[in-house]
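**Student:**
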Amino acid sequence: MKISSISKTGFGAILCMLGFSASAFAQEKPKLSDPEVAFVAVTANQIDIDFAGIAKQKSKDASVIEFANTMERDHKAVIAQATALAKKLGVTPQNNAVSKKMLADAEKTKKSLRSKSGKAFNKAYIDNEVAYHKAVIAAVETVLIPETDNSELKQLLQNVVPALKAHLMHAEMLQKKYNK
Amino acid sequence: MKNRFARIANAFAVSFFVLVLTSCSGPEKKAIPKSHTVEIKAMQFQPAELSVHKGDTVLFVNQDMLVHNVTEEKSKAWGSPSLAPGDSYKMVVTESSDYYCSLHPVMKGKLVVE
Chain R
31 MKISSISKTG FGAILCMLGF SASAFAQEKP KLSDPEVAFV AVTANQIDID FAGIAKQKSK
91 DASVIEFANT MERDHKAVIA QATALAKKLG VTPQNNAVSK KMLADAEKTK KSLRSKSGKA
151 FNKAYIDNEV AYHKAVIAAV ETVLIPETDN SELKQLLQNV VPALKAHLMH AEMLQKKYNK
Chain Z
1135 MKNRFARIAN AFAVSFFVLV LTSCSGPEKK AIPKSHTVEI KAMQFQPAEL SVHKGDTVLF
1195 VNQDMLVHNV TEEKSKAWGS PSLAPGDSYK MVVTESSDYY CSLHPVMKGK LVVE
């Protein structure tokens, strides 16, 4: 599988959008292969499932719990389809610096979410969902899709974008409620 | 006696003729119910607004990659079960209604009975 390169500027911008420090990566001008793109995609979905799990444990708000259930259901479905596609293509998703950084930063967010409760938790969870989906949409559209070589993997990523945008709109709808 | 019988027979014949005429040429003709399809794809109901006649059938087909449902929006008066990718739900339309996917509340549609 062809190794794809990502420009220093574009990659740094995406990492910033994802809330990551770009410095470690910008200097190295990192490259992502399709197996690495697949791993990043699965990781991004798993992180949001983990956030949803915390929301289901901590929130008593029906709207928040419903939203978390939807995030869990949808992102699990995407992982299942990505895994099935990888199996079909005979590709093993490869861990990489980007996914490692994403997981490390997600741990910090999870720690912060776990420290909150009640309305403060609901607000923090939904605010994070808005920011996270904005960042992931930008990353998928401007980095992962353009950098993917395999047409089926590219198509899967393209198919996911409308779902991510619907999740974002749903989160923004709830955000208005908690920012009143 | 014979004349009286003939008059009664004539009256019956005329009544029957009138009855047949009115039943055949009444102003209200019942429209034949039609079938319509709404596709669910890319997180949208397509078409988002559909004009139908009362008694028409609408088939909702989930061609998306995620589970969806079709739920009447105002009071949840009707709704489908969860529709996995490839599943469909058929309903007979009795009145205009706004509907949405309760799993993804930003997905909305409208049935307009003309």
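Top to bottom, those sequences are chains R and Z.
So in my numbering, spot 159 of the first sequence is number 189, and the numbers just go up one at a time.
So in my numbering, spot 9 of the second sequence is number 1143, and the numbers just go up one at a time.
Glycine included, C-beta positions come from ideal geometry on N, C-alpha and C.
Note that the coordinates shown come from a computational prediction; the quantities given were computed from them, not determined experimentally.
1) Measure the beta-carbon distance from Val-1227 of chain Z to Val-1192 of chain Z and round it to whole angstroms, keeping in mind my assumption that it falls under 8 Å.
2) Could you compute how far the alpha carbon of Lys-1210 of chain Z sits from the alpha carbon of Pro-65 of chain R?
3) In the region 116-148 of chain R, which residue ranges form an unbroken alpha helix (DSSP H) of at least 4 residues, counting only runs that do not cross its ends?
4) Taking 7 Å as the line, does the beta carbon of Leu-174 of chain R fall inside it for any heavy atom of the ligand GDP?
5) Once you ignore the five residues that flank Lys-227 of chain R on each side, which residues in its own chain have a CB closer than 7 Å to its CB?
6) For a contact defined as C-beta to C-beta under 9 Å, what are the partners of Ala-1182 of chain Z on chain R?
7) My understanding is that Ile-175 of chain R touches Leu-194 of chain R, with C-beta atoms under 8 Å, so please give their C-beta distance in whole angstroms.
8) May I ask you to list the residues that DSSP assigns as paired with Ile-1174 of chain Z?
9) Taking 8 Å as the cut-off, does the region 152-165 of chain R touch the region 87-101 of chain R (at least 3 CB pairs, one atom from each stretch)?
10) Tell me which residues share the same chain as Lys-117 of chain R and place their Cβ nearer than 8 Å to its Cβ, disregarding the 5 neighbours each side in the sequence.
11) Please confirm if His-1202 of chain Z has its CB atom under 8 Å from at least one CB of chain R.
12) May I have the straight-line CA-CA distance separating Leu-143 of chain R from Pro-1219 of chain Z, to the nearest angstrom?
13) For a contact defined as C-beta to C-beta under 7 Å, what are the partners of Ala-165 of chain R on chain Z?
14) Cα separation between Ser-1222 of chain Z and Lys-61 of chain R?
15) Just verifying my parser: in three-state terms, what is the DSSP assignment at His-1187 of chain Z?
16) Using Cβ-Cβ distances below 7 Å, what residues of the region 94-120 of chain R are close to chain Z?
17) Tell me which residues share the same chain as Pro-123 of chain R and place their Cβ nearer than 7 Å to its Cβ, disregarding the 5 neighbours each side in the sequence.
18) Evaluate Ala-169 of chain R with the Cβ neighbour count: other Cβ atoms within 10 Å of its Cβ, from every protein chain shown; 16 or more gives buried, anything less gives exposed.
19) Quick one: Cα of Asp-1241 of chain Z to Cα of Asn-126 of chain R, how far?
20) In whole angstroms, what is the alpha-carbon distance linking Asp-1198 of chain Z and Lys-1175 of chain Z?
21) Using 10 angstroms around the beta-carbon of Val-190 of chain R, count the other beta-carbons present and answer buried if the total reaches 16, otherwise exposed.
22) Can the beta-carbon of His-1202 of chain Z be found less than 8 Å from the beta-carbon of Leu-1184 of chain Z?
23) Apply the 10 Å Cβ neighbour rule to Val-1246 of chain Z and answer buried if 16 or more other Cβ atoms are within range, or exposed otherwise.
24) Tell me, please, whether the CB atom of Val-1172 of chain Z is closer than 8 Å to any CB atom in chain R?
25) What residue range does the beta strand (DSSP E) around Gly-1243 of chain Z cover?
26) Tell me whether Asn-1196 of chain Z is buried or exposed, calling it buried when 16 or more other Cβ atoms sit within 10 Å of its Cβ.
27) Where do the N-terminal and C-terminal ends of the alpha helix (DSSP H) with Asp-78 of chain R fall, by residue?
28) Measuring only the C-alpha atoms, how far is Ala-92 of chain R from Lys-1224 of chain Z?
29) Please name the residue, chosen from Z:Pro-1181, Z:Leu-1200, Z:Glu-1229 and Z:Ser-1236, that lies closest to Gly-1189 of chain Z on a Cα-to-Cα basis.
**Tutor:** Taking the geometry as given:
1) 6 Å
2) Taking the straight line joining both Cα atoms gives about 44 Å.
3) 127-144
4) The ligand content of the structure shown is nil, which means the ligand GDP is not present either.
5) No answer is possible for residue 227 of chain R: it lies beyond the span of chain R, which begins at 31 and ends at 210.
6) Correct list: empty, because the minimum Cβ distance to chain R is about 14 Å.
7) Rounded, the Cβ-Cβ distance is 12 Å, inconsistent with contact.
8) Its beta-bridge partners are Z:Phe-1179 and Z:Asn-1196.
9) yes
10) none
11) no
12) 33 Å
13) Chain Z residues near Ala-165 of chain R: none, gap ~19 Å exceeds 7 Å.
14) Cα to Cα, the separation comes out at about 43 Å.
15) coil
16) Thr-100, Arg-103, Asp-104, Ala-107 and Gln-111
17) Pro-65, Ala-68, Phe-69, Val-72 and Ala-116
18) It is buried - the Cβ of Ala-169 of chain R has at least 16 other Cβ atoms within 10 Å.
19) Looking at the sequence itself, residue 1241 of chain Z is Met, so the reference to Asp does not match. Near 35 Å, if we compare the C-alpha coordinates of Asn-126 of chain R and Met-1241 of chain Z.
20) 4 Å
21) Here Val-190 of chain R is buried, its C-beta having at least 16 other C-beta atoms within 10 Å.
22) no
23) Its Cβ having fewer than 16 others within 10 Å, Val-1246 of chain Z is exposed.
24) no
25) 1238-1247
26) buried
27) 64-88
28) 29 Å
29) Looking at the Cα atoms, Z:Glu-1229 is the closest of the given residues.
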